[in-house]
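Trainee: Residues in the sequence shown are numbered from 1 upward in steps of one, following UniProt numbering.
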Amino acid sequence: MARTGHSTNTTSGRHRMHQPQSQKLMDKEILELKNYLPGWTAAKRSEKRAFFTAIARVARLFAPKLDQKQWKKRKQVYKTWLFNNKKKKERKDMIKYGRKWTPRMVVYQQKREEVLKRIEDESGVKPGDPGMFKHYQAAVKRVMAELDDDELEKAKETAEEWSNNCPPLEIQAQVAHKKGPAYMEHFSNEMWRQCGMRVFVMSAWKNEKGEVLFRMHDDNEALGDGGSFMKTKDWEDIEPVWQEYAQEQFGAGARDGGRQVKGGRKRIRKPAFELEMDGEGMPLLPDIINTKLEEKKAMVRAFLTLHYCEFVVALPDKLFNAWTKGYAPGRTRRLCHGVPLYKVRMTSWPGHIFRRMLT
């Protein structure tokens, strides 16, 4: 057993002594490899093997004398050097802002309903189903084949027009919905990466229903060691101004479609409004005919705040504020005709009463 162990140790040591050492290339070899590197990098995959054989033959002229086994290893060193020194591919942008329209894409947009109906009739697949995509190409191809020369020429002209200028509004609305957030995120990241700039984006667009949508985009928290603008600063004062401007730009027929927020979860601070008081200390409501919506909301909040901030008294089973002072079972105080001041249901508390007064 000892003899066997001794034999094993000796073999392992002998194996370590004969391990191949790395080969160092001569300066002239490296120079030749550099000369042929651009051509080898640009060659197609099917051509690289023959190209490398030619490079190795030229470089061997400047290498030391090698036997067949050493030459095989030398070629592997050449190949490793080429791979390590080839020009890296340029970084491609994740987002393509420009879109090159083709006649095929134009036909699909203009005849979209026809294409989808044909797919459903022929295969039973409806829009949104997982198998829709595999039928799409064939259906568009058949629609293209049915076009006459004039229609095809018109599709080409339309594609050129949309590529050079801009597509119709309904297509712009689709792109805004699908790619708008990705465009803004990429823009923010690139401005930080290339220019060291921090960006907060407020955008507005009109969707297919004629609604104006608003979006606030803040990626600053994810860039470097920065903090979120929306979470740390009171930015809400500029939002109503931006929304008012967007409504004006998109026309009187545009409807408010709501807003989308990226990057902030801070509670919005509502604009304050100070009401005048009468001689008895009661708030006076001003004329609201020509008042903007945000200002009306501020009036309502101010009116309710004045009453809710009154002294709160506790009863054994409920909490009532000063609105319900003097409450006794079977007795109901009234704020105005037909509007009871106190009811058990929460919808009859001051906020609900005030809304009923306005109506």
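For every residue, glycine included, the Cβ atom is placed at its ideal position computed from N, Cα and C. Note that the structure is a prediction, hence the values are computed from the model and not measured.
State the start and end residues of the unbroken alpha helix (DSSP H) segment that holds residue 374.
Mentor: What is shown of the chain runs 1 to 359, which leaves residue 374 out entirely.
Trainee: Give me, in chain order, the residues of the same chain whose beta-carbon lies closer than 8 Å to that of Glu114; leave out the 5 immediate sequence neighbours on both sides.
Mentor: The residues are Val143.
Trainee: Using the beta-carbon count (16 or more within 10 Å), is Tyr78 buried or exposed?
Mentor: That one is buried.
Trainee: Could you please give the first and the last residue of the uninterrupted beta strand (DSSP E) stretch that includes Leu213?
Mentor: From DSSP, the beta strand (DSSP E) with Leu213 extends over 211-218.
Trainee: Looking only at C-alpha atoms, which of Ala302, Val201, Glu248, Glu153 sits nearest to Ser228?
Mentor: The option with the nearest alpha carbon to Ser228 is Val201.
Trainee: Should Pro38 go down as buried or exposed, given a rule of 16 or more other Cβ atoms within 10 Å for buried?
Mentor: Exposed, because fewer than 16 other Cβ atoms sit within 10 Å of the Cβ of Pro38.
Trainee: Near Trp101, which residues of its chain fall below 6 Å by C-beta distance, leaving aside the five closest residues on each side in sequence?
Mentor: Once the five neighbours on either side are set aside, the close Cβ partners of Trp101 are Ala159, Trp162, Ser163.
Trainee: Grouping DSSP H, G and I as helix and E and B as strand, with all else coil, what is Leu275?
Mentor: Leu275: coil per DSSP, three-state reduction.
Trainee: Taking the Cβ atom as the reference point for each residue, do Cys166 and Gln174 lie within a distance shorter than 8 Å?
Mentor: Result no, Cβ atoms of Cys166 and Gln174 do not sit closer than 8 Å.
Trainee: In the DSSP assignment, what are the bridge partners of Pro181?
Mentor: Its beta-bridge partners do not exist; DSSP assigns none.
Trainee: Classify Ile55: buried if its beta carbon has 16 or more other beta carbons within 10 angstroms, exposed otherwise.
Mentor: The residue in question, Ile55, is buried, as its Cβ has 16 or more Cβ neighbours within 10 Å.
Trainee: Excluding the 5 residues flanking Lys126 on each side, which residues of the same chain have their C-beta closer than 7 Å to its C-beta?
Mentor: The residues are Glu120.
Trainee: Using a 10 Å radius around the Cβ and a threshold of 16 neighbouring Cβ atoms, would you call Val106 buried or exposed?
Mentor: Burial call: buried.
Trainee: Assign Ser188 to buried or exposed, taking buried as 16 or more other Cβ atoms, counted over all protein chains shown, within 10 Å of its Cβ.
Mentor: By the 10 Å Cβ count, Ser188 comes out buried.
Trainee: Between Asn35, Lys117, Arg112, which lies nearest to Asn85 when the distance is taken from Cα to Cα?
Mentor: For Asn85, the nearest C-alpha among the options comes from Asn35.
Trainee: Could you please give the first and the last residue of the uninterrupted alpha helix (DSSP H) stretch that includes Val107?
Mentor: 103-110 is the span of the alpha helix (DSSP H), which, as asked, contains Val107.
Trainee: For Trp235 and Lys178, what's the separation of their Cα atoms in angstroms?
Mentor: If I take the Cα positions, the gap works out to 26 Å.
Trainee: Determine the contact status of Trp192 and Leu223, defining contact as a CB-CB distance below 8 Å.
Mentor: Yes, Cβ-Cβ distance for Trp192 and Leu223 is below 8 Å.
Trainee: Using DSSP's beta-bridge definition, name the partner residues of Pro283.
Mentor: Answer is Met277.
Trainee: Taking Gly196 as the reference, give the member of Gly226, Asn207, Gly180, Leu169 with the closest Cα.
Mentor: Checked all of Gly226, Asn207, Gly180, Leu169; the closest Cα to Gly196 is Gly226.
Trainee: Among Ile288, Gln137, Pro64, whose alpha-carbon lies nearest the alpha-carbon of Asp27?
Mentor: Here the closest residue by C-alpha is Pro64.
Trainee: What span of residues does the alpha helix (DSSP H) with Ala145 cover, start to end?
Mentor: Taken as a continuous stretch (DSSP letters only), the alpha helix (DSSP H) holding Ala145 covers 132-145.
Trainee: Three-state secondary structure (DSSP) at Gln23?
Mentor: It is coil, neither helix nor strand.
Trainee: Below 8 Å between beta carbons: does that hold for Arg118 and Ala139?
Mentor: For Arg118 and Ala139, yes; Cβs fall inside 8 Å.
Trainee: If you reduce the DSSP assignment to three classes, tell me which class Leu61 lands in.
Mentor: Reduced to three states, the DSSP call for Leu61 is coil.
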